[in-house]
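Q: Residue numbers (our numbering): 17 to 242.
The beta carbon of each residue, even a glycine, is placed where N, CA and C say it ideally should be.
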């Protein structure tokens, strides 16, 4: 890549990759290329575009209404994407569409993404973003998928909000050999995990990194101490 021949937005994406993402142990060149190719700034609410490449979560305020959801920081988006180990023929289920950016990123690396968003306002925002960027291999649906979605099996599943535990119903929506990536735990201790379905009834879990993010809507439960 010749950094002298790229636009200002491309330079900002390049700097995001080299200064934030590559130093955070992300080595898959396909993922890094997808991060450069996909214009993150086009998925950020207009009033926050100056922060599109900042190393922080961004609130999703749509037409002046706070959805109480956010875009993950770029390096977390990248690390979760890499952990899915996507192949070009994979079909992916994403739970929690948000702005549509994560689905768009996944779409660069697989055959098709089915993305489910519980908030109809966010779903409309994401669909507008995906359509404007001519991303044709993402199917966006509105609904609550935290405990599963339909009966199809997927090669990979990504949960974009944190969950206390991963429901068994979601694990069993993986094809054998499929990978599910989620941030698991309660505030302040959460861990990004990769779960691989190694056989019909066997699963292998690997902890990837510690982090924190908002709970996936519908999964948060009160914790009591005495």
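Would you mind sorting residue 133 into buried or exposed? The rule is 16 or more other CB atoms within 10 Å of its CB.
A: With 16 or more Cβ atoms within 10 Å of its Cβ, residue 133 is classed as buried.
Q: Identify which residue in 163, 193, 169 has its Cα closest to the Cα of residue 129.
A: Closest option to residue 129, Cα to Cα, is 169.
Q: So, with DSSP's three-state summary, where would you put residue 47?
A: Correct three-state label for residue 47: helix.
Q: Short check: CB of residue 95 to CB of residue 224, under 8 Å?
A: Yes.
Q: Determine the direct distance from the alpha carbon of residue 120 to that of residue 151, and round the result to whole angstroms.
A: Residue 151 and residue 120: Cα-Cα distance of roughly 7 Å.
Q: Quick check on DSSP: helix, strand or coil for residue 117?
A: Reduced to three states, the DSSP call for residue 117 is helix.
Q: So residue 148 is in the alpha helix (DSSP H); what residue range does that whole segment cover?
A: From DSSP, the alpha helix (DSSP H) with residue 148 extends over 136 to 148.
Q: Between which two residues does the beta strand (DSSP E) carrying residue 207 extend?
A: Note, residue 207: beta strand (DSSP E), 205 to 215.
Q: State the Cα-Cα distance for the pair residue 231 and residue 98, rounded to the nearest angstrom.
A: One C-alpha to the other measures close to 21 Å.
Q: Roughly how many whole angstroms lie between the Cα atoms of residue 135 and residue 101?
A: One C-alpha to the other measures close to 28 Å.
Q: For residue 180, which three-state DSSP category applies?
A: Residue 180: coil per DSSP, three-state reduction.
Q: Which one of 81, 60, 167, 140 has the shortest CA to CA distance from residue 188?
A: Nearest option by C-alpha distance: 167.
Q: How would you label residue 41, buried or exposed, when you count the other beta carbons within 10 angstroms and need 16 or more for buried?
A: Looking at its Cβ environment, which holds fewer than 16 other Cβ atoms inside 10 Å, residue 41 is exposed.
Q: Could you check if residue 13 is buried or exposed, using at least 16 other CB atoms within 10 Å of its CB as the buried criterion?
A: A question about residue 13 goes unanswered here, because the residues of the chain that appear run from 17 up to 242.
Q: Quick check on residue 71: does DSSP put it in helix, strand or coil?
A: In the structure shown, residue 71 sits in coil (DSSP, three-state: anything other than H, G, I, E or B).
Q: Put residue 155 into one of helix, strand or coil per three-state DSSP.
A: In this structure, residue 155 counts as strand in the three-state DSSP scheme.
Q: Is the shortest distance between the beta-carbon of residue 219 and the beta-carbons of chain D less than 8 Å?
A: Among the chains in the structure shown there is no chain D, since it carries only a single protein chain.
Q: Using CA coordinates, which residue listed in 229, 233, 234, 235 is at the minimum distance from residue 87?
A: Ranking 229, 233, 234, 235 by Cα distance to residue 87 puts 229 first.
Q: When you compare the stretch 142 to 156 with the stretch 201 to 213, are there three or more beta-carbon pairs, one atom per stretch, that lie closer than 8 Å?
A: Contact fails: fewer than three Cβ-Cβ distances are below 8 Å.
Q: Using three-state DSSP, classify residue 226 as helix, strand or coil.
A: In the structure shown, residue 226 sits in a strand (DSSP, three-state: E or B).
Q: Please list the terminal residues of the continuous beta strand (DSSP E) segment that includes residue 110.
A: It spans 107 to 111 - the beta strand (DSSP E) in which residue 110 sits, taken as one unbroken run.
Q: By the 10 Å Cβ neighbour count, where 16 or more other Cβ atoms means buried, how is residue 53 classified, buried or exposed?
A: By the neighbour-count rule (16 or more Cβ atoms within 10 Å), residue 53 is not buried but exposed.
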